[in-house]
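Presented below is the structure to which this report refers.
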Amino acid sequence: MELRKPLDILALKAGDTVSKKNLNELIQQSKIEGSAYWAGEDLKIGNTPQQGINWVGALPECRAVIIKSKLGSYDKDGWDAGSKEFYRYSFKARSGQVSQSEKANKVLINQPQFGYPILLFTEQKFTKRHLIWIFEGAFRVSELEDTCVKLARLEDYSASNEVRQQEAGYLEGGRKYVSHLLIERNRDAALAVKKTQPWVCDICSKVFSDRYGVEYIEAHHKVPVSTYSESYKVQVSDFALLCPNCHTAVHILMRTKALAYSEIKEQLK
Ligand SMILES: [Zn+2]
Ligand SMILES: [Zn+2]
1 MELRKPLDIL ALKAGDTVSK KNLNELIQQS KIEGSAYWAG EDLKIGNTPQ
51 QGINWVGALP ECRAVIIKSK LGSYDKDGWD AGSKEFYRYS FKARSGQVSQ
101 SEKANKVLIN QPQFGYPILL FTEQKFTKRH LIWIFEGAFR VSELEDTCVK
151 LARLEDYSAS NEVRQQEAGY LEGGRKYVSH LLIERNRDAA LAVKKTQPWV
201 CDICSKVFSD RYGVEYIEAH HKVPVSTYSE SYKVQVSDFA LLCPNCHTAV
251 HILMRTKALA YSEIKEQLK
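Heads up: the sequence shown begins at 1 in full-length UniProt numbering, then just goes up one per residue.
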């Protein structure tokens with residue numbers, strides 16, 4: 001996938017590949033106002049002089065952390081017990097010393113507090129001229145050790161986004177559809193909606209926890225995709241809360257029939 005703006009990175013799904021050139025350019029030029037990758041002061045991608053770890057947005061509450069891991073560069077780096085559920089990642093050290101106040105380490109130490117996703121990339125070499133990163137998925141910090149962190153896969157990140165990400169690839173005007181997904185995944189907007197409305201599905205009126213015993217709801221952005229523009233401001237009233245099944249159905253109907261939310265709601269009631 002070609003990354004064109006910093007938030008595009010949140011639309012990747014596990015297994016997607018990104019060229020090293022593309023990711024480097026995105027990281028470097030996101031800091032340069034007026035460049036093709038610039039998306040505003042709030043979406044600059046930060047880094048330290050050491051390679052390997054970056055963050056999207058301002059610290060401490062950034063949007064996402066990017067880890068680019070090359071197997072073999074640190075002893076402990078790698079998948080835990082052969083499955084792709086846990087990954088060990090070493091803290092950055094200077095002359096053998098790990099400093100907990102180093103920004104590159106702090107973004108990992110602070111992750112449990114702020115909840116941003118850690119996007120893990122591993123290196124794949126095809127040929128010297130064709131160097132790519134494989135996106136392994138989104139992770140959280142599950143254990144802090146002295147010299148490394150243990151990352152655990154965020155299952156709901158890929159499960160709830162996968163179907164919609166696949167659709168994005170098929171849709172004409174796919175960029176607008178990606179904007180739709182990014183708005184829905186905007187943590188601040190989603191949290192605001194979930195705080196102000198009861199967790200009842202807007203379409204089937206069911207309460208997820210009545211059936212499954214755990215609280216869960218998704219925020220769907222109702223505003224027609226065709227009206228998006230650079231200056232568009234997201235509001236709480238633009239969202240409907242939906243159960244995962246109804247939400248998936250809404251997205252399939254958006255894609256296949258290009259219906260507005262109100263029409264889809266009428267049809268599914
Ligand atoms: Zn529902
Ligand atoms: Zn939606």
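Built from N, CA and C at the ideal position, the CB exists for glycine as well.
In the structure shown, Tyr87 adopts extended strand secondary structure according to DSSP, grouped into three states. By the Cβ criterion, the stretch 67-87 is in contact with the stretch 136-156, since at least three pairs of Cβ atoms, one from each stretch, lie closer than 8 Å. Ligand 2 approaches Glu184 closely enough that one of its heavy atoms is under 7 Å from the residue's Cβ. Around Leu7, the same chain offers Leu182 as residues with beta carbons nearer than 6 Å, after the five sequence neighbours per side are excluded.
Contact residues of ligand 1 (beta-carbon closer than 5 Å to any heavy atom; chain order) are Cys201, Ile203, Cys204, Cys243, Cys246. By the neighbour-count criterion, in which 16 or more other beta carbons inside 10 Å mark a residue as buried, Tyr116 falls on the buried side.
The C-alpha of Phe208 lies about 27 Å from the C-alpha of Lys257. The DSSP-derived three-state label of Ser69 is strand.
The closest CA to that of Lys5, considering only Lys13, Asn22, Pro224, Thr17, is found on Asn22. Contact between Ile27 and Ile45 holds, since their C-beta atoms are separated by about 5 Å, short of 8 Å.
Out of Asn47, Leu253, Pro112, the CA that lies nearest to the CA of Glu102 is found in Asn47. Beyond the five residues adjoining it in sequence on each side, Glu61 comes within less than 8 Å, by CB distance, of Phe114, Tyr116 in the same chain, given in chain order. Glu136: not part of any alpha helix (DSSP H); member of the beta strand (DSSP E) spanning 130-144, first to last residue. Inside the stretch 19-75, DSSP marks whole beta strand (DSSP E) runs of 3 or more residues at positions 45-47, 53-56, 64-69, from first to last along the chain. Residue environment: Tyr37 is assigned as buried (16 or more neighbouring CB atoms within 10 Å of its CB, all protein chains considered). Proximity of the beta carbon of Val250 to ligand 2 is indicated: a heavy atom of the ligand is located closer than 7 Å. In the same chain as Asp80, and ignoring 5 residues on each side of it, the C-beta atoms closer than 8 Å to its own belong to Phe86, Tyr87, Arg88, Lys150, in chain order.
For Leu108, the closest alpha carbon among the candidates Arg140, Ile132, Gln97 is that of Arg140. Cys246: member of the alpha helix (DSSP H) spanning 244-257, first to last residue.
For the 8 Å CB-CB criterion, Lys265 and Ile203 form a contact. Within a 10 Å sphere around the beta-carbon of Arg211 sit fewer than 16 other beta-carbons, which makes this residue exposed. In this structure, the CA atom of Ser142 is about 16 Å from the CA atom of Lys76.
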